[in-house]
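Working notes, beginning with the structure itself.
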Amino acid sequence: INYNPSEPPFVRYYVPFIGSMIEFGVHPIKFIRKYQKKHGNFFTFLMFGRRMTVCVDIDGNDFVFNVKHSNVTAEDAYNSLTKPVFGEGVVYDVPNSMLMEQKRMIKSGLSIESFRAYIPIIIDEVNQYVDKHWTKDQDTIDLLQSISEMIIMTASHTLLGPEIRSKLYEGIADLYHTLDSCFTPIHFLFEWLPLPSYYASEKAHAELDSIFAKVIADRRKEPGEKHIDMLDALMASKYKNGEPPSDKHIGNMLIALLMAGQHTSAATTTWALLNLAENPAIVNEARTEIGSMLGRELKGGSSVPEISYENVKDFKTLDNVIRETLRIRSPLVQLMRKVVKPVAVPNTSYVIPAGYYIIASPIISSTDEKYYKNAEAWVPSRWNNSDADEQADKSTTDYGFGAMSTSARSPNLPFGAGRHRCIGEQFAYLQIKTILYTLLTRFDFELDPKRGMPERNYQSMVVLPEGPVLCQYNRRTIKNQ
Ligand code: HEM
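Mapping of the sequence shown onto the UniProt record's numbering: position 389 corresponds to residue 432, and the numbering continues sequentially without gaps.
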């Protein structure tokens, strides 16, 4: 099928047009591993008329993340999918140089000062949630659903501010949900179909615009009142040309941030807790470590000791738990770009033609035995020793959270690399660690004996644990200690 020897090998298919769509869609990771073995780190498959070139291992990651923007772009790959969700004028609906400016503005809202302010807010939101919904001493719940609600509450409150958070129950959560329902593979494959969800999303955007506009106008009326959140940071920011972003663009950036962090952080927190439920010794280790740091035991009951930004940063066991969870359960398993001008793959004889999509899948290298012993096993302690993996990404961040990558030549890149690298990593670590800290202080968890550890569900753009994610919580009462 591969007529041009200068292109990467083509995966054989039997149904014209559809190509390998079904095999890829059912289990993309199995699919990629199978053809990586057969064809090497670069190969192309047909999916619904599109030619998709998979680029894996360290060379593949490096190629996709660092390829020249004049040849390959993210906006051509993602805009039809993300515009109905994020709205106009932001992220992939603008030239790349403007996205870079918007990312700079967003970074200004992710300061240490703001992180300090977010910790008590997150603890309070989680406490409110469990006090309202987990009222028994022991019960079986849908963990993904509970965690998703905690993520939306904590992210809305911290990033968007108390005004928007207080309106979550007055319909804003439904508006988010309407936007979110456009974020599916169908909307990528059938971008030309007039799907009803597009009309619903336009309406939802119009309503959100007017809610944000009112909150922004109210804040402008009280310029002396400083809020430490992303909304204030964006309202104070300017493009290079001196122009401030319009209210609509501020609102859409906030929506984009919320959407970028929602399923990714909810999936990561849920997988982390499911794995902790299977490993009580690691829960004890985390509690002992935190207890000795705070100078008091984490005894259970409903009171959650106050913690500082420095404490959260130093929760080493929870840090390892999150890092290891992301290594084997990265929620984003296919990152795409579109080739707009033919591009040569370095150190190969391949040229990928214009019109092709290229796909990076860092989870392939982060679960490769070549780099990690017992690679499919969840072993947080492998991150204890920074020499555990010489190739792994070890550079630290300004904030001290997560494995901020400066190089794309790492096997473990759950936050991507290069110009499109995630800027929410430190926020995600802070949010997830604080949620885990609050929950583990108050509860023990056990997997549901019938359901066990869920499989991955690849039907959505962000890979989630297959629902219902049943899990039992047991309240830790002080008298049990
Ligand atoms: C980009 C992962 C949380 C905002 C990315 C990318 C990855 C990623 C892999 C690169 C996409 C690509 O190259 O195509 C994750 C994971 C998260 C997480 C695993 C949680 C565990 C967040 C949060 C926010 C956020 C909480 C916002 C506060 C962004 C933004 C981009 C991005 C703005 C840049 C998009 C671009 O430049 O094209 N994320 N993310 N992410 N993420 Fe995250």
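By construction, the Cβ of each residue, glycine as well, lies at the ideal position given by its N, Cα and C atoms.
Distance between residue j and residue i (C-alpha atoms, nearest Å)
i: Ala435; j: Glu168; result: Its pLDDT being 41, under 50, Ala435 is placed unreliably in this model, and the value from its coordinates should be taken loosely. Straight-line Cα distance between these residues: approximately 35 Å.
i: Ala420; j: Leu513; result: 21 Å
i: Tyr480; j: Leu211; result: 24 Å
i: Thr520; j: Ser346; result: 11 Å
i: Glu468; j: Gln305; result: 13 Å
i: Phe358; j: Ser63; result: 44 Å
i: Ala518; j: Leu490; result: One detail in the question is off: residue 518 reads as Arg in this sequence, not Ala. Spanning the two alpha carbons is a distance of roughly 15 Å.
i: Arg339; j: Ser151; result: 35 Å
i: Met160; j: Lys146; result: One detail in the question is off: residue 160 reads as Ala in this sequence, not Met. If I take the Cα positions, the gap works out to 21 Å.
i: Thr313; j: Asn47; result: 45 Å
i: Pro508; j: Ser373; result: 11 Å
i: Glu349; j: Asn318; result: 26 Å
i: Ile478; j: Gly398; result: 43 Å
i: Val506; j: Thr227; result: 11 Å
i: Pro497; j: Gly510; result: 8 Å
i: Pro71; j: Ile406; result: 11 Å
i: Ala256; j: Lys291; result: 7 Å
i: Ala324; j: Val134; result: 43 Å
i: Val258; j: Phe129; result: 19 Å
i: Leu187; j: Leu341; result: 25 Å
i: Tyr472; j: His463; result: 19 Å
i: Thr96; j: Pro127; result: 26 Å
C-beta atoms of residue i and residue j nearer than 8 Å
i: Leu301; j: Ala198; result: yes
i: Ala309; j: Ile194; result: yes
i: Leu378; j: Gly459; result: yes
i: Tyr78; j: Val54; result: yes
i: Asn114; j: Val383; result: yes
i: residue 38; j: Phe488; result: No statement about residue 38 is possible, as the shown extent of the chain runs from 44 to 524 and does not include it.
i: Phe60; j: Gly92; result: yes
i: Ala117; j: Arg380; result: yes
i: Gly204; j: Leu251; result: no
i: Pro457; j: Asp411; result: no
Heavy atom of ligand 2 within 7 Å of residue i beta-carbon
i: Thr197; result: Ligand 2 is not part of the structure shown, which contains ligand 1 as its ligands.
Local conformation of residue i per DSSP, three classes
i: Asn427; result: coil
i: Val258; result: helix
i: Lys342; result: coil
i: Gln524; result: Note that Gln524 scores a pLDDT of 47, beneath 50, so its modelled location is shaky; the value from the coordinates is reported in the next line. Three-state result, Gln524: coil.
i: Lys476; result: helix
i: Thr410; result: coil
i: Phe358; result: coil
i: Leu238; result: coil
i: Asn517; result: strand
i: Gly132; result: coil
i: Pro508; result: strand
i: Arg93; result: strand
i: Met496; result: coil
Distance between beta carbons of residue j and residue i, contact taken as under 8 Å
i: Ile395; j: Pro385; result: 7 Å
i: Ser244; j: Leu277; result: The Cβ separation is near 22 Å, so there is no contact.
i: residue 36; j: Tyr516; result: With the chain represented from 44 up to 524, any question about residue 36 goes unanswered, as that position is not in the structure.
i: Asn109; j: Ala451; result: 5 Å
i: Ser49; j: Tyr393; result: 6 Å
i: Ser408; j: Asp100; result: 5 Å
- Message: Counting beta carbon pairs with one atom in the region 256–276 and one in the region 226–245, are three or more of them shorter than 8 Å?
- Response: no
- Message: Any contact between the region 414–428 and the region 360–371? By contact I mean 3 or more CB pairs, one from each, below 8 Å.
- Response: yes
- Query: How about the region 120–129 and the region 83–98: do they share at least three Cβ pairs that are nearer than 8 Å?
  - Reply: no
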